[in-house]
Each structure stands twice: as C-alpha cells, then as structure tokens.
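Asks:
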Amino acid sequence: MICSSINKAEKFRSIVRLVLQSFMFIILTSLISCSQTKDEKPVKVKSLKEAFEKDFYIGVALNGRIIDQSDSASLSLVKREFNSITAENIMKSSIIHPQRDSFNFELADKFVALGKNNGMHVHGHTLIWHSQLSPWFATIEDSFEFKDATEKHIKDLALHFKGVVDSWDVVNEALNEDGTLRNSIFLEKMGDEYLSLAFKWTSEVDPNAKLFYNDYNMTNPDKRQGAIRMIKKIQEKGIKVDGVGMQGHWHLDYPSLEEIEESILEYSKLGVQVAITELDISVLPNPWDLEGAEISQNFENSEEMNPYTKGLPDSIQTKLANRYKDIFKIFLKHRDKISRVTFWGVNDRQSWLNGFPIRGRTNYPLLFDRELKPKPAYYGIIGLKEKLDQLQTTN
Numbered sequence: 001m002i003c004s005s006i007n008k009a010e011k012f013r014s015i016v017r018l019v020l021q022s023f024m025f026i027i028l029t030s031l032i033s034c035s036q037t038k039d040e041k042p043v044k045v046k047s048l049k050e051a052f053e054k055d056f057y058i059g060v061a062l063n064g065r066i067i068d069q070s071d072s073a074s075l076s077l078v079k080r081e082f083n084s085i086t087a088e089n090i091m092k093s094s095i096i097h098p099q100r101d102s103f104n105f106e107l108a109d110k111f112v113a114l115g116k117n118n119g120m121h122v123h124g125h126t127l128i129w130h131s132q133l134s135p136w137f138a139t140i141e142d143s144f145e146f147k148d149a150t151e152k153h154i155k156d157l158a159l160h161f162k163g164v165v166d167s168w169d170v171v172n173e174a175l176n177e178d179g180t181l182r183n184s185i186f187l188e189k190m191g192d193e194y195l196s197l198a199f200k201w202t203s204e205v206d207p208n209a210k211l212f213y214n215d216y217n218m219t220n221p222d223k224r225q226g227a228i229r230m231i232k233k234i235q236e237k238g239i240k241v242d243g244v245g246m247q248g249h250w251h252l253d254y255p256s257l258e259e260i261e262e263s264i265l266e267y268s269k270l271g272v273q274v275a276i277t278e279l280d281i282s283v284l285p286n287p288w289d290l291e292g293a294e295i296s297q298n299f300e301n302s303e304e305m306n307p308y309t310k311g312l313p314d315s316i317q318t319k320l321a322n323r324y325k326d327i328f329k330i331f332l333k334h335r336d337k338i339s340r341v342t343f344w345g346v347n348d349r350q351s352w353l354n355g356f357p358i359r360g361r362t363n364y365p366l367l368f369d370r371e372l373k374p375k376p377a378y379y380g381i382i383g384l385k386e387k388l389d390q391l392q393t394t395n
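The numbering of the sequence shown is full-length UniProt numbering, which starts it at 1 and goes up by one.
Quick look at the structure:
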C-alpha cells in the first residue's frame with residue numbers, strides 16, 4: 001500500500017509538472033505575440049537551422065537544378081539555412097526507375113552526396129506512390145509477378161541508398177479523404193497487404209533507416225482516423241513504422257490551429273515521430289471542391305483566381321507571416337513529438353503552387369521571395385524562437 005501511494009503521488013507530481021510547463025509555454029508565446037510588430041526583426045538573426053537546432057530538423061525539397069548545382073544561388077541558401085533535404089521529384093519511380101530492368105541513379109546519388117557532404121539529414125521520397133509511377137508497372141498483369149516486381153523495386157532502392165538515406169517516405173498518399181484506402185494499382189494487384197509489405201521489405205534491407213507514411217490533408221478527422229487504423233494494423237503485424245508525415249500544403253485560414261495540434265497529438269500516441277512535410281502556405285483563392293494536393297486536379301486561370309501578379313500586398317504579407325508564426329508556436333510546443341519540418345521548395349519562384357491547381361498563377365507560399373530574400377515570415381518564426389529562448393532563460 002505504501003509503494004502504491006508513493007507511485008500515485010509521483011504520477012500526480014509528473015502530471016502537475018507537465019501542466020505547468022504547458023501553461024508557461026502558452027504565457028511565453030502570448031507575450032511574444034504581443035511584443036512584436038510586423039516590421040520587427042530579431043535582435044540576432046540566425047539561420048533557420050541554427051535557430052531550431054535543438055528542436056527539430058529544418059528541411060527543404062530540392063529540384064534538379066539545385067541538386068546538379070546549376071542554380072548556385074539557391075544552393076548557397078540551402079547550405080546556409082537548412083540541415084535536412086528531400087528530393088522533390090528525382091527519387092520518384094518514373095525518374096529513378098524508368099525501365100523495369102534499369103535504374104537512373106545519377107542525379108539521386110548527387111542529391112545524397114550533397115546532403116552528406118554538408119552534414120544534412122537525407123530523406124528519401126518516395127518508394128511507393130500511385131502517381132508519377134513508372135509506366136512499366138501497369139504492363140504487369142499477373143498479381144504474383146506484380147508483387148515480386150514491387151518487392152524488387154523497393155529492395156533495390158533501399159539497398160542502393162542503405163546507410164546514406166536516413167529516412168524514407170515508404171508509402172505516399174494511400175488514403176482517400178474519408179479514410180478508406182485509395183483504389184491504386186497497388187491495392188488492385190496486391191490488396192491492402194501492400195502497405196505492410198512495403199514497410200517490411202524496406203526495414204529488412206535497411207533496418208536503421210526511419211520509415212514514414214506520408215500524406216496530405218492529414219488534419220482531416222476522417223482521413224486521420226484512417227491513417228491511424230492503417231498504421232496500427234501494420235504495427236500489429238510486428239512491422240516497424242517510425243513516423244507519420246503530415247504534408248503541410250495549407251492555406252492562410254485553414255486547417256485550423258486546433259486541427260493541426262490535435263493531429264500531432266493523435267499521431268504521436270501511436271508511438272511514432274511526426275514530421276511536418278511539404279510545408280507551404282498558399283495565399284491565393286482555392287478553387288471550389290479542391291482536395292488537398294491531389295495533382296490530377298486542374299482549374300482554369302482567371303483574374304479572380306490570380307490576384308497578386310504584381311506583388312503581394314503588405315496586408316497579405318503580414319497575414320502570411322502571422323500564419324507561419326502561429327503554426328510554429330504549435331511545432332515548438334510539441335517539439336518532443338516532431339522530428340522534422342520540411343518546406344516544399346526553396347523560394348516562391350520555384351514553388352509547385354505557381355502551377356497547381358491552376359497553371360500560370362503567381363503564389364507566395366514560402367519563406368524566401370523570388371529573389372531569394374527572406375520575407376517577414378522568415379523573420380517572424382526566427383524572432384519567435386529567439387524571444388522564446390530569451391524568456392525561458394530569464395525564467
């Protein structure tokens with residue numbers, strides 16, 4: 001009875017400590033918000049990677065011109081600001097495995113070398129995805145042959161990059177918005193076991209790599225529950241899943257901060273890391289019925305849908321900066337659960353959102369403008385972190 005009472009008392013004290021820590025964090029971030037103006041810059045401007053080095057990796061997706069070093073200005077910025085990199089396209093099957101009997105590793109090897117030579121975390125994207133899939137997959141009619149070819153695809157890639165790719169998006173975008181499984185070629189040919197097998201095959205070849213499931217709209221409650229069910233089912237088979245990638249293709253007004261925070265908490269209950277992947281915040285109107293990052297969707301351009309062709313108004317620039325700052329408050333609050341925050345592109349000019357879901361638009365979703373200059377959003381999140389560190393030091 002005495003031991004039981006001691007254990008209960010210690011558990012109560014732990015809960016009280018956690019509540020007090022959360023309360024103090026809320027007070028500190030509120031003080032920071034009240035003390036900053038839209039034009040304020042940090043007293044001591046650090047790089048992103050230096051500012052958040054004790055919290056989580058700060059990553060970025062790289063295009064081919066940065067990887068082959070033909071875009072030297074962007075490359076210099078990447079080396080200065082980021083400590084994690086993801087290949088935007090060149091590790092997708094249509095590029096890296098264009099023919100069933102041959103791989104194209106040249107640019108992917110340069111990508112990995114770039115990361116390792118600069119002490120960066122290297123993230124592989126992606127082993128299994130129904131989109132940008134090599135056409136030869138669709139030519140395989142026999143289910144057993146398709147399964148064997150998929151296994152070989154995964155294992156050949158995992159083996160080639162063993163020890164140099166630190167983490168993988170093993171499966172990308174396998175869910176519908178209602179949480180059911182997408183009717184992809186992999187589901188059609190292999191059934192739902194393709195999900196657990198993909199993680200199993202990758203871990204067999206490279207047991208040290210961290211393995212993630214990655215998807216968009218992961219704050220959507222129905223989709224979130226579907227992802228949780230799927231991951232639990234894989235875990236119940238004794239197969240490791242190390243993390244969930246929440247794609248951050250978000251907007252100025254949604255998803256809500258509450259939805260983002262609740263999702264981080266729910267995924268972490270699975271005993272996995274949470275990575276914020278593909279982060280960018282669109283400032284443009286969203287066409288009716290657009291669903292997340294489904295790249296098959298296209299809409300017509302118009303003045304109404306493309307209002308900022310001559311530059312971003314100060315009011316929207318400030319709104320974007322505040323949106324990033326509010327989101328990063330949540331990330332910092334739950335830094336113990338988040339392993340990586342990766343932006344989907346280096347600067348506004350390179351962003352895929354200029355062409356999605358409407359081609360030819362001018363979007364401003366990232367921290368660096370078209371001339372590679374830091375935007376108010378950049379100074380906002382670094383200033384948030386610096387002032388939070390200062391307040392915690394003095395308290």
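Built from N, CA and C at the ideal position, the CB exists for glycine as well.
Computed from a predicted structure; not experimentally measured.
1. Just confirm the distance between the C-beta atoms of glutamate 304 and proline 285, as a whole number of angstroms; I'd bet it's less than 8 angstroms.
2. Using CA atoms only, rank isn't needed, just tell me which of Trp201, Asn322, Ile358 and Ile90 is closest to proline 376.
3. Quick check: histidine 338 and isoleucine 382, are their CB atoms within less than 8 angstroms of each other?
4. Expressed to the nearest angstrom, what Euclidean distance is found between the alpha-carbon atoms of isoleucine 330 and serine 72?
5. Could you tell me whether any Cβ in chain D is nearer than 8 angstroms to the Cβ of aspartate 148?
6. Using the three-state DSSP reduction, which class does glycine 191 fall into: helix, strand or coil?
7. Taking Cβ to Cβ, would you say valine 60 is nearer than 8 angstroms to phenylalanine 356?
8. Measure the C-alpha to C-alpha separation of residue 398 and leucine 320 and round it to an integer number of angstroms.
9. So, under 8 angstroms CB-CB, alanine 138 and valine 171 are touching, yes? Tell me the CB distance rounded to an integer number of Å.
10. By alpha-carbon positions, which one of Asp280, Asn83 and Glu145 ends up nearest to asparagine 354?
11. If you draw a straight line from the C-alpha of lysine 373 to the C-alpha of methionine 246, how long is it?
12. Based on the DSSP secondary-structure assignment, which residues constitute the bridge partners of leucine 353?
13. Aspartate 55 to isoleucine 140, Cα distance in whole Å?
14. In three-state DSSP terms, what is aspartate 389?
15. Given a threshold of 16 other Cβ atoms within 10 Å of its Cβ, counted over all protein chains shown, does glycine 248 qualify as buried or as exposed?
16. Within the same chain, show all residues whose beta-carbon is closer than 8 angstroms to that of arginine 182, passing over the 5 residues directly before and after it, in chain order.
17. Roughly how far, in whole angstroms, is the beta-carbon of phenylalanine 212 from the beta-carbon of serine 167, given that I think they are within contact range, below 8 angstroms?
18. Label aspartate 314 either buried or exposed according to how many other C-beta atoms from any shown protein chain fall within 10 Å of its C-beta, with 16 as the threshold for buried.
19. Could you name each continuous alpha helix (DSSP H) segment of 4 residues or more that falls completely within the segment 201-260, going from the start of the chain to the end?
20. Which residue marks the beginning of the alpha helix (DSSP H) containing glutamate 177, and which one marks its end?
21. Between the Cα of serine 351 and the Cα atoms of Phe368, Met190 and Arg335, which residue gives the shortest distance?
22. Tell me which residues share the same chain as isoleucine 66 and place their Cβ nearer than 8 angstroms to its Cβ, disregarding the 5 neighbours each side in the sequence.
23. I'd like the ranges of any beta strand (DSSP E) spanning at least 3 consecutive residues and lying wholly in the segment 82-131.
24. When DSSP labels each residue in this structure, what does lysine 375 get in the three-state scheme?
25. Put glutamine 317 into one of helix, strand or coil per three-state DSSP.
26. For lysine 310 and asparagine 363, what's the separation of their Cα atoms in angstroms?
27. Quick one: give me the first and last residue of the alpha helix (DSSP H) that threonine 150 is part of.
28. Specify, as a first and last residue, the run of the beta strand (DSSP E) that leucine 279 falls within.
29. Report the rounded CA-to-CA distance for methionine 218 versus leucine 107, giving the unit in angstroms.
30. Should glycine 226 be labelled buried (16 or more other beta-carbon atoms within 10 Å of its own) or exposed?
31. Expressed to the nearest angstrom, what Euclidean distance is found between the alpha-carbon atoms of methionine 1 and valine 272?
32. For isoleucine 27, name the three-state secondary structure that DSSP assigns.
33. Here's a check: name, in chain order, each residue in its chain whose Cβ is nearer than 6 angstroms to the Cβ of serine 196, leaving out the five neighbours to either side.
34. Answer with buried or exposed for isoleucine 260, where buried requires no fewer than 16 other C-beta atoms within 10 angstroms of its C-beta.
35. Note down the Cα distance separating tyrosine 57 from serine 93, rounded to an integer number of angstroms.
36. Rounded to whole angstroms, what's the CA-CA distance from leucine 133 to methionine 91? Just pull it up for me.
Replies: By the coordinates alone:
1. 7 angstroms
2. Asn322
3. It is isoleucine, not histidine, that sits at residue 338 in the sequence shown. Against a cut-off of 8 angstroms, the Cβ pair of isoleucine 382 and isoleucine 338 comes out as no contact.
4. 34 angstroms
5. The structure shown contains no chain D, having only a single protein chain.
6. coil
7. no
8. In the structure as shown, the chain starts at 1 and stops at 395, and residue 398 therefore has no counterpart that could be examined.
9. Alanine 138 to valine 171, Cβ: 18 angstroms. No contact.
10. Asp280
11. 27 angstroms
12. Its beta-bridge partners do not exist; DSSP assigns none.
13. 45 angstroms
14. helix
15. buried
16. His130, Glu173, Ala174, Leu175 and Asn176
17. 6 angstroms
18. exposed
19. 221-236
20. Looking at the DSSP string, glutamate 177 is not in any alpha helix (DSSP H), and its letter there is neither H nor E.
21. Phe368
22. Ser74, Leu75, Val78 and Val346
23. 84-87 and 121-129
24. coil
25. helix
26. 11 angstroms
27. 143-160
28. 273-282
29. 30 angstroms
30. buried
31. With a pLDDT of 46 at methionine 1, under the threshold of 50, the modelled position of this residue cannot be trusted, and the question is left open.
32. Any reading at isoleucine 27 needs caution, since the residue's pLDDT is 49, under 50, leaving its predicted position unreliable; the model's value is listed next. Reduced to three states, the DSSP call for isoleucine 27 is helix.
33. Ile234, Lys237 and Ile239
34. buried
35. 26 angstroms
36. 11 angstroms
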